[in-house]
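The structure under discussion appears below in the form of structure tokens.
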Amino acid sequence: MNKNDLVAAVASSTGLSKSDSAKAVDGIISSITASLSSGTEVRLVGFGTFSVSRRNATTGRNPRTGEAIQIKATNVPKFKSGKALKSAVN
């Protein structure tokens with residue numbers, strides 16, 4: 007399922023127009039992104055938790071040359087599924 011499929015599914019399940027559903031989906035995505043950017047986790051009970059994790063700097067290798075390179079530390083988004091989502095999938 008891609009974003010257009012999600013918008014269509016939201017439109018059919020809620021009775022909203024596709025343009026209103028697209029605004030709702032975009033609003034949810036931008037709200038989650040803004041919360042994660044500010045360091046706040048997002049908990050959706052039954053669905054899961056979005057959070058930010060810190061990945062430390064490491065030393066890697068360039069596959070072409072074998073040369074050692076420094077990979078800088080970075081923040082990465084993380085998702086942990088909730089109990090209801092896990093049971094719906096299994």
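So the mapping is simple: the working numbering equals the position in the sequence shown, first residue as 1, plus 6.
The beta-carbon is built from N, C-alpha and C at its ideal position, and this holds for glycine as well.
- Around the C-beta of S27, 16 or more other C-beta atoms lie within 10 Å, and the residue is accordingly described as buried.
- When only Cα atoms are considered, T55 and K84 end up about 8 Å apart.
- Within the same chain, Cβ atoms closer than 7 Å to the Cβ of S87 are found at G54, the five residues on either side in sequence being excluded.
- According to DSSP, T65 shares a beta bridge with Q76.
- Using a 10 angstroms sphere on the CB of V13, the tally of other CB atoms reaches 16 or more, which defines it as buried.
- R61 and D11 have their C-alpha atoms some 33 Å from each other.
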